[in-house]
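Quick note on the working numbering: the sequence shown kicks off at 1491 and runs consecutively. Before any comments, here is the structure.
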Amino acid sequence: MGDATTERITESVPMIPRMMKASIFEIYGDASVLKFAEVPTPVPGRDEALVKVHAVGLNGYDLMARSGRYKPNKGKFPHILGLDAAAWTGARNRR
1491 MGDATTERIT ESVPMIPRMM KASIFEIYGD ASVLKFAEVP TPVPGRDEAL
1541 VKVHAVGLNG YDLMARSGRY KPNKGKFPHI LGLDAAAWTG ARNRR
């Protein structure tokens, strides 16, 4: 997910913003480690889709990830929370 690729995609599809809002954490811990931040919009890879999220919910896996009991991010930070989402498919890469 490079900045140059993000620029090319967001320039060619103007409705896709360069940044998105996300609930993140950068260290494991309790609810105090949560931050609401702007992060780069991901670029879909081969056979992936970019979706526009309208609402997101935190579930048990998100809470376990935040505490470090479940590590889907394999220790890489920041980690974006919100596995349960109501979304619209905005872009798809079939290359």
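Ideal Cβ positions, reconstructed from N, Cα and C, are used throughout, including at glycine.
Secondary structure of residue i, DSSP reduced to three states
i: valine 1523; result: helix
i: glycine 1547; result: strand
i: arginine 1556; result: helix
According to DSSP, residues forming a beta bridge with residue i
i: methionine 1505; result: None, per the DSSP bridge assignment.
i: lysine 1511; result: Glu1528
i: alanine 1575; result: Val1546
i: isoleucine 1570; result: Ile1514
Buried or exposed (CB count within 10 angstroms, at least 16 for buried), residue i
i: aspartate 1552; result: buried
i: phenylalanine 1515; result: buried
i: arginine 1556; result: buried
i: arginine 1508; result: exposed
i: glycine 1492; result: Because glycine 1492 sits at a pLDDT of 49, beneath the cut-off of 50, its placement in the model cannot be relied upon, and the point is left open.
Supposed contact pair residue j and residue i - C-beta distance, whole angstroms, cut 8 Å
i: proline 1532; j: leucine 1540; result: 7 Å
i: lysine 1511; j: glutamate 1528; result: 6 Å
i: aspartate 1574; j: valine 1546; result: 7 Å
i: leucine 1548; j: glycine 1572; result: 6 Å
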